[in-house]
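Comments concern the structure below.
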Amino acid sequence: MKASFDSAAATYDQSFTQTVIGKSQRETVYNILSQHLLTVKTIFEINCGTGEDALWLASQNFDVMATDISEKMIAIGKAKNQHQNLTFSTLDITRLSSFQKEEKYDLLFSNFGGLNCLSPEELSLFFKTAPHFLKEKGKMVLVLMPKNTIWEQFYFLTKGKWNKAFRRKKKLVLANVDGEKIPTYYYNPKEIVHLTEEKLECIEYKPIGFFIPPSYLEPFFTNKKGFLKLLKKLELRIRNFSFLSKYADHYAIILQKK
45 MKASFDSAAA TYDQSFTQTV IGKSQRETVY NILSQHLLTV KTIFEINCGT GEDALWLASQ
105 NFDVMATDIS EKMIAIGKAK NQHQNLTFST LDITRLSSFQ KEEKYDLLFS NFGGLNCLSP
165 EELSLFFKTA PHFLKEKGKM VLVLMPKNTI WEQFYFLTKG KWNKAFRRKK KLVLANVDGE
225 KIPTYYYNPK EIVHLTEEKL ECIEYKPIGF FIPPSYLEPF FTNKKGFLKL LKKLELRIRN
285 FSFLSKYADH YAIILQKK
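Letter by letter, the sequence shown follows residues 45 to 302 in this note's numbering.
Below, the structure written as structure tokens:
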């Protein structure tokens with residue numbers, strides 16, 4: 045997996061971070077995340093990619109430890125970094141217990157499906173280990189990809205690609221990330237609630253990308269900014285409709301340490 049993300053690092057910002065859709069979905073994430081930052085000082089980010097979110101959080105004066113399995117992703121993040129309150133480090137989250145950091149954090153954050161790279165067994169182990177990195181009553185804000193994304197089903201059905209329309213319901217999918225095939229597992233919110241109920245309490249979950257489309261539709265929307273602006277307005281109107289989470293492109297789930 046490390047080699048695959050290393051290969052994708054050079055083009056990741058261009059193919060997602062800097063796209064119109066990427067920016068729109070990230071704005072939705074920040075609107076949700078900001079509601080849980082009022083009492084936060086320290087943040088532990090996993091799957092940070094090229095550091096876009098870590099840089100934003102550091103600019104808001106939070107102390108951030110940003111980690112990723114890809115050395116090349118981390119190198120890009122370090123090259124962007126001008127904040128003394130932001131540290132980058134490589135970390136394989138399947139070996140989270142080996143991350144020798146004594147500090148505990150107010151918030152653990154993972155954006156845009158990083159945790160979807162974990163199998164059910166790996167994800168279960170992650171949720172047993174990760175709470176140790178949180179302070180008492182610390183929170184997790186996790187953005188994952190669900191199984192029932194309506195945009196994806198509609199897109200592939202109109203293309204006549206029936207085998208791809210419902211691919212997220214399969215146990216394992218080899219997802220294309222900048223030309224690299226990444227083993228990907230999809231989880232609906234209630235599955236995460238079940239996996240975490242021993243050590244974490246679910247506060248809420250919210251849809252991200254119910255109206256805003258998936259990033260692979262960027263070519264279609266590049267010259268349709270008015271239409272995308274309308275979709276963003278509609279997204280705001282349904283942001284508190286938790287039942288739509290499993291039908292969106294992503295969703296944010298907020299968990300609190302018991």
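C-beta atoms are modelled at their ideal positions from N, C-alpha and C, and glycine is treated no differently.
Remember, predicted model here, so these are calculated numbers, not experimental data.
### Cβ shell of Ile90 (< 6 Å), same chain only, five flanking positions each side left out
Excluding positions up to five away in sequence, the list reads Thr111, Ile137, Ser154.
### Query
Can you give the Cα-Cα distance for Leu178 and Asp150, rounded to whole angstroms?
Their backbone Cα atoms lie some 6 Å apart in a straight line.
### Query
Is Ile256 near Gln69, with beta carbons less than 8 Å apart?
For Ile256 and Gln69, yes; Cβs fall inside 8 Å.
### Task
Count the other CB atoms, across all protein chains shown, that sit within 10 Å of the CB of His335; report buried if there are 16 or more and exposed otherwise.
A query on residue 335 cannot be resolved here, the shown segment of the chain reaching from 45 to 302 and no further.
#### Entry: Alpha-carbon to alpha-carbon, Lys124 and Gln104
Their backbone Cα atoms lie some 16 Å apart in a straight line.
### Query
Hey, Gln300 and Ile252: beta-carbon distance below 8 Å or not?
The answer is no: Cβ separation not under 8 Å.
#### Entry: Minimum length 3: unbroken beta strand (DSSP E) runs contained in the stretch 129 to 181
Within the stretch 129 to 181, the complete beta strand (DSSP E) segments of 3 residues or longer fall at 130 to 134, 149 to 154, listed in chain order.
### Task
To the nearest angstrom, report how far apart Phe143 and Lys302 are at their CA atoms.
One C-alpha to the other measures close to 22 Å.
### Buried or exposed by the 16-neighbour rule on C-beta atoms within 10 Å, applied to Leu272
Under this definition Leu272 is a buried residue.
### Query
Count the other CB atoms within 10 Å of the CB of Arg281; is the residue buried (16 or more) or exposed (fewer)?
In this structure Arg281 is exposed. Its beta-carbon is surrounded by fewer than 16 other beta-carbon atoms within 10 angstroms.
### Message
Can you look up Pro257 in the DSSP assignment and give me helix, strand or coil?
### Response
Note: Pro257 maps to coil in three-state DSSP.
### Message
Please classify Pro190 as buried or exposed, where buried requires at least 16 other C-beta atoms within 10 Å of its C-beta.
### Response
By the 16-neighbour rule on beta-carbons within 10 angstroms, Pro190 is buried.
### Contact check, Tyr295 vs Tyr249, beta carbons under 8 Å
Judged by beta-carbon spacing, Tyr249 lies within the 8 Å limit of Tyr295, meaning their Cβ atoms are closer than that value.
#### Entry: Reference Phe156, options Phe60, Lys208, Ala102, closest by Cα
Ranking Phe60, Lys208, Ala102 by Cα distance to Phe156 puts Phe60 first.
### Query
For the alpha helix (DSSP H) that His238 lies in, which residues bound it at each end?
DSSP places His238 inside the alpha helix (DSSP H), whose first and last residues are 233 to 240.
### Task
Determine, using beta carbons only, whether Ile247 comes closer than 8 Å to chain D.
Among the chains in the structure shown there is no chain D, since it carries only a single protein chain.
### Task
Can you check the stretch 62 to 105 for any alpha helix (DSSP H) of at least 4 residues that lies completely inside it and give the ranges in chain order?
Contiguous alpha helix (DSSP H) elements confined to the stretch 62 to 105 occur at 64 to 78, 96 to 103, taking only those with 4 or more residues.
### Query
What's the call for Pro164, buried or exposed, on a 16-neighbour Cβ count within 10 Å?
Burial call: exposed.
### Query
If you draw a straight line from the alpha carbon of Glu242 to that of Lys183, how long is it in whole angstroms?
When rounded, the distance between both Cα atoms is 15 Å.
### Task
Return the chain-ordered list of same chain residues with a C-beta closer than 8 Å to the C-beta of Leu218, the five sequence neighbours on each side being excluded.
Exclusion of the five residues before and after Leu218 leaves Lys225, Ile226, Pro227, Thr228 as the residues of its chain whose Cβ lies within less than 8 Å of its Cβ.
### Task
Please name the residue in Val84, Ile298, Ser51, Ala292 whose C-alpha comes closest to that of Phe198.
Checked all of Val84, Ile298, Ser51, Ala292; the closest Cα to Phe198 is Ala292.
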